[in-house]
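Let me begin by presenting the structure, written as structure tokens, before commenting on it.
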Amino acid sequence: MTTFRSMVSAAALALAVIGPALAVAPTSAFAQGVLKLAQTQDLVSLDPIATSDNPSIHAQLLIYDTLLRPSTDATKLEPGLAESWTVSEDGLTYTFKLRQAKFSDGAPVTAADVAFSLKRAGSDASNWKRFFAGIDAIETPDERTVVLKLKSVFTPLLNNLALFSSAILPQKAFEAAPDKFFEKPVGSGPFTVAAWNKGQGLSLKKNAHYWQAGKPSLDGAEILVLPEGNSRVLKLQAGEIDAALEIPLNQMQSLARSGAIKTEVANVLRTDFVLLNTKKKPFDDVRVRQALNYAIDKDGLVKALLYGAGKVANSPMPLMAYADPELKPYGHDVAKAKALLKEAGYADGFKTSLLVHSGRPLHRQLGQALQSALAQIGVTAEIRLVEGGTHWSTTKAGDYEMAVSYASSDTIDPDQMAGFLIVNPERANAYHTEWKSERVNELYAKERATRDGPERGAMFKEMIKLAHEGAPSIFLFYPGTSYAHRSNVSGFEVLPTGNFRLEDVKLK
Amino acid sequence: MLTYILKRFVQLVPVLFGITLACFFLLRALPGDPATLLLGARGGPEEIAAMKQRLGLDLPLWRQYLLFLGDILSGSLGRSVVYGQSVTKLVLERLPATLWLVAYSTVIAVVLTIPLALWSAVKRDRAPDLLIKLVFTVLLAIPSFWLGLVLVVVLAIWVPLFPTSGYGNGFVERLHHLTLPAFVIALATASLTIRSLRSGILNVLGSDYVTTARAKGNATARTMHVHVLPNALISSISVLGAHTSWVIGGTVVIETVFALPGLGSLFVESIFARDYPMIQGLTVVFAVLVVLINLATDIAYALADPRIRLD
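Residue numbers (this note's numbering), protein chains in the order written: chain Z, 1 to 508; chain S, 1001 to 1311.
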């Protein structure tokens, strides 16, 4: 028997030795001045006309420039590669003056590169062709001037030129190897790709030719993929990373308590709501839709589910340019909700279903909360928990009654969101609620042909008010996005558009 | 042996054919398609139609299936819809992490199983046996993501022996990074193999030839090595083989907690995105790997028990 005991203890000893012995191996050493940032997903592609996921878009905005870009507070457009631009009186000719800038391979950025990139973005190969449909011709009178000619006035164009899909690529380098280009792309942005280890992260290094003097201050950045919220928090606490996106909201307070870590909430351009299929009874009745809006304690949801990191929504449109702060959200008023239901002929309530995306923890919680709130006015909602792809195609096919959903904006101009959320017919028919207001449609067409200013702003305000009254969805809240960084990081900020400008970040 | 292995590979052909057929048509039965999902909120009907045409999704199903088979026969698995790159390339990038996890966790599981099962069997119904049973039953019941996080807190934060997550570069660093995740998987495997090996040993211990061996005056250790263990191992090898096959595609949770670039998470992401070529390609790769593991299991039988012949 003694032999067995020695066998067992030898094995145990071996195990005890393996751990510490391996621990001697050095953890990977990073150079000074490299920011380590964790996000939830890996990017998909660095081709700006082929992607729609946030990690890809955010990385592209660090590698490429656009002619214009949104200011950090998302209120106006500021110069990017174009140092100035003019729009002709008739609104049909846009002239851009390019600044002296170079791509990361040292080649100068020319008007030909801009023409090439915008043509590519508007071509059949592009997923975002529609954003460039207004451009009739692109002219390049000299190396640093680009002229866009339009057939009819299309005001959102400037904003679309500030989108990721309008990134300016070097024509020569691209055409030399179109199939390989996006594996290690060349751009004129503050950073360039050092390596992309799929599933692990993207290593960026400083673009030595970047046009903004003295920027970036960092030597580089490691954008790491850490899908699990707790893992991101643990790594931040252990000091293995400098910053992390999407901190689980219930851990924000305890994380900030240590002092070594700063937690922040960014006001991103996003609204969460419950889509109501107005093609189906009883949601065809505006009184029912308003009753549902009154039945929900939205303040309570912001406090309980978002831990206060958000605001109650007054319409489906995100809180962005031309939003109306005076427009009051539907209050929590169960008596009024019941009265409206009675008026509509549903005094005893009704039975319905609520579609919920199983991959979104916030929406799963919302589903439960909404179900019990609706029960108070006699509405029995059966929760249909489905995976993302099914959620999307079910909503798209109009095969639902109520669906928890959200929308977020890529641009700071409300045109794109309005077209998506409240215009019908348009590409999503008022985000598949099939809600229709002729006046909204009319204003949408007019807004696109009106030069930007207070007059156009008033049109958006009216559209938003109409959507508020028509209640195509239960407007819930504008949720913030949480993030955190260690106190040695300065200048790290998640912008309202969801991206971050790492060229402004410094490490102490 | 060589003929046997060759024969197994020939048998793989109809298996693969069946798998491609089932996978292809089951996928198409799911609601949603890659073009609609990839374009998401920004896609209107024209964009979706244009993309479907670019991806060849507007062709009749039977033609799409033949094209897919043609791709496989020409040694290619097609192009991922989401990544826009060759499926083979993407799989090869992710394969090492999965193979590492499979190999490392299997080694740890074996190292844990043999001594603990022996000890448990020898001390049957006494304190060590009961303790091992208790500990491993509890471990089997604990969700692996929780166990993973606890191990990270204890062994990476409180006592910083291991990194909290990640993959590392080079052999030693990788071994270091993968110890915790491999350990979590190995504990789940070991809780099954320890039980099966323990009962295997107890069965064999009761048989006549062991009594004979003991009566001949063989030392206990020798009896165990030569007579008991090889005979008791068979059932545990099949448990180990089955569990290892599961590890190939079933480590999504571990990959997520430890941020590892393995095939499991790629598979799940691809299903969510309905990335047809990627899912089809991965299914073929999984099938081949599982067949290889089964083959290795059979060879291990033959090595453990000379009465089993492979032909």
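Ideal Cβ placement from N, Cα and C applies to all residues, glycine included. Nothing here was measured: the structure is a model prediction, and the numbers come from that model.
> What's the gap between the Cα of Ile1072 (chain S) and the Cα of Val1081 (chain S)?
Replying inline: Rounded to the nearest angstrom, the two C-alpha atoms are 17 Å apart.
> On the three-pair Cβ rule with 8 Å, is the region 432 to 439 of chain Z touching the region 406 to 420 of chain Z?
Replying inline: Short answer: they don't touch.
> By the criterion of Cβ-Cβ separation under 7 Å, what are the contact partners of Gly1250 (chain S) in chain Z?
Replying inline: At a C-beta separation below 7 Å, Gly1250 (chain S) has no neighbours in chain Z, since its nearest C-beta there lies roughly 16 Å away.
>> If you follow the alpha helix (DSSP H) that Lys151 (chain Z) is in, where does it begin and where does it stop?
In response: That residue, Lys151 (chain Z), is in no alpha helix (DSSP H); it is neither H nor E in DSSP.
> Is there at least one Cβ from chain Z nearer than 8 Å to Leu1057 (chain S)'s Cβ?
Replying inline: With 8 Å as the cut-off, Leu1057 (chain S) does not count as an interface residue toward chain Z.
> In the region 1001 to 1073 of chain S, which residue ranges form an unbroken alpha helix (DSSP H) of at least 4 residues, counting only runs that do not cross its ends?
Replying inline: If only uninterrupted alpha helix (DSSP H) runs of at least 4 residues are considered, those enclosed by the region 1001 to 1073 of chain S are 1002 to 1029, 1034 to 1039, 1045 to 1055, 1061 to 1073.
> Does DSSP put Gln376 (chain Z) in a helix, a strand or coil?
Replying inline: Residue state, collapsed to three classes: coil.
> Can we say the region 299 to 319 of chain Z touches the region 1020 to 1029 of chain S, given the rule of at least three CB pairs closer than 8 Å?
Replying inline: These segments do not touch.
> Using a C-beta cutoff of 8 Å, does Leu1266 (chain S) count as contacting chain Z?
Replying inline: Yes - at least one Cβ of chain Z is within 8 Å of the one on Leu1266 (chain S).
> Which whole-angstrom value is the C-beta distance of Ser1144 (chain S) and Val1285 (chain S), which I expect to be below 8 Å?
Replying inline: Not confirmed; about 23 Å, so no contact.
> Could you give the distance in angstroms between the alpha-carbon of Val489 (chain Z) and the alpha-carbon of Gly308 (chain Z)?
Replying inline: Each residue's Cα considered, the two are about 25 Å apart.
> Using the beta-carbon of each residue, which ones in chain Z are nearer than 8 Å to Tyr1104 (chain S)?
Replying inline: Around Tyr1104 (chain S), no beta-carbon contact reaches into chain Z at under 8 Å, the shortest distance being about 11 Å.
>> Here's a check: name, in chain order, each residue in its chain whose Cβ is nearer than 7 Å to the Cβ of Tyr322 (chain Z), leaving out the five neighbours to either side.
In response: Here the set comprises Pro414, Gly457, Phe460, Lys461.
> Count the other CB atoms within 10 Å of the CB of Met1224 (chain S); is the residue buried (16 or more) or exposed (fewer)?
Replying inline: Met1224 (chain S) should be labelled buried.
>> Could you compute how far the alpha carbon of Pro216 (chain Z) sits from the alpha carbon of Glu143 (chain Z)?
In response: Spanning the two alpha carbons is a distance of roughly 26 Å.
> Does DSSP put Asp142 (chain Z) in a helix, in a strand, or in coil?
Replying inline: DSSP places Asp142 (chain Z) in strand when its eight states are reduced to three.
> Bridge partners of Tyr210 (chain Z), per DSSP?
Replying inline: Paired residue(s): none; Tyr210 (chain Z) is not in a bridge.
>> List, in chain order, every chain S residue whose beta-carbon is nearer than 9 Å to that of Arg130 (chain Z).
In response: Within 9 Å Cβ-Cβ: Arg1042, Gly1044, Glu1046, Glu1047.
>> Using the three-state DSSP reduction, which class does Asp136 (chain Z) fall into: helix, strand or coil?
In response: Three-state DSSP puts Asp136 (chain Z) in a strand.
> Cβ of Leu46 (chain Z) less than 8 Å from any chain S Cβ?
Replying inline: At a cut-off of 8 Å between beta-carbon atoms, Leu46 (chain Z) makes no contact with chain S.
> Which whole-angstrom value describes the C-beta separation of Ala133 (chain Z) and Gly122 (chain Z), a residue pair presumed to lie in contact below a C-beta threshold of 8 Å?
Replying inline: At roughly 7 Å, the Cβ-Cβ gap stays under 8 Å, so Ala133 (chain Z) and Gly122 (chain Z) are in contact.
> So Pro329 (chain Z) and Leu269 (chain Z) are in contact, right, with Cβ under 8 Å, and what is the actual spacing, rounded?
Replying inline: With a Cβ gap of about 17 Å, Pro329 (chain Z) and Leu269 (chain Z) do not count as contacting.
> Where His468 (chain Z) and Phe475 (chain Z) are concerned, what is the direct C-alpha to C-alpha distance, given to the nearest angstrom?
Replying inline: Approximately 9 Å, taken between the alpha carbons.
> What three-state label does DSSP hand Arg97 (chain Z) in the structure shown?
Replying inline: As written in the sequence, residue 97 (chain Z) is Lys, which differs from the Arg given in the question. Note: Lys97 (chain Z) maps to strand in three-state DSSP.
>> So within the region 1253 to 1293 of chain S, which uninterrupted alpha helix (DSSP H) runs reach at least 4 residues, ignoring any that extend past its ends?
In response: Restricting attention to alpha helix (DSSP H) runs no shorter than 4 residues, the region 1253 to 1293 of chain S encloses them at 1263 to 1273, ordered along the chain.
> To the nearest whole angstrom, what separates the beta carbons of Pro55 (chain Z) and Leu43 (chain Z), a pair I think is in contact under 8 Å?
Replying inline: Rounded to the nearest angstrom, the Cβ distance from Pro55 (chain Z) to Leu43 (chain Z) is 4 Å, consistent with a contact under 8 Å.
>> Check this for me: beta carbons of Ser1312 (chain S) and Phe1025 (chain S), under 8 Å apart or not?
In response: Lying outside 1001 to 1311, the shown extent of chain S, residue 1312 (chain S) is not represented and no answer is given.
> By DSSP, does Asn424 (chain Z) sit in helix, in strand, or in coil?
Replying inline: Residue state, collapsed to three classes: coil.
> What residues match up with His357 (chain Z) in a beta bridge as DSSP calls it?
Replying inline: Bridge partners of His357 (chain Z): Z:Val386.
>> Under 8 Å, Cβ to Cβ, is there at least one residue of chain Z near Met1051 (chain S)?
In response: It does: the Cβ of Met1051 (chain S) has a partner Cβ on chain Z nearer than 8 Å.
> Under a CB-based cut-off of 8 Å, is Pro1230 (chain S) close to chain Z?
Replying inline: Answer no: the Cβ-Cβ gap between Pro1230 (chain S) and chain Z never drops below 8 Å.
> In three-state DSSP terms, what is Tyr346 (chain Z)?
Replying inline: Residue state, collapsed to three classes: coil.
> Grouping DSSP H, G and I as helix and E and B as strand, with all else coil, what is Asn1169 (chain S)?
Replying inline: If DSSP states are grouped into helix, strand and coil, Asn1169 (chain S) belongs with coil.
> Pro227 (chain Z) touches chain S at which residues, Cβ-Cβ below 9 Å?
Replying inline: Chain-ordered, the chain S residues with CB closer than 9 Å to the CB of Pro227 (chain Z) read Glu1255, Thr1256, Val1257, Ala1259, Ser1265.
>> Output needed for His1227 (chain S): all residues of its chain with C-beta closer than 7 Å, excluding positions within five of it in sequence on either side, in chain order.
In response: Taken in chain order, the residues that qualify are Tyr1209, Val1210, Ala1213.
> If the cut is a Cβ gap below 7 Å, which residues of chain Z does Arg1274 (chain S) touch?
Replying inline: What Arg1274 (chain S) touches in chain Z: Gly389.
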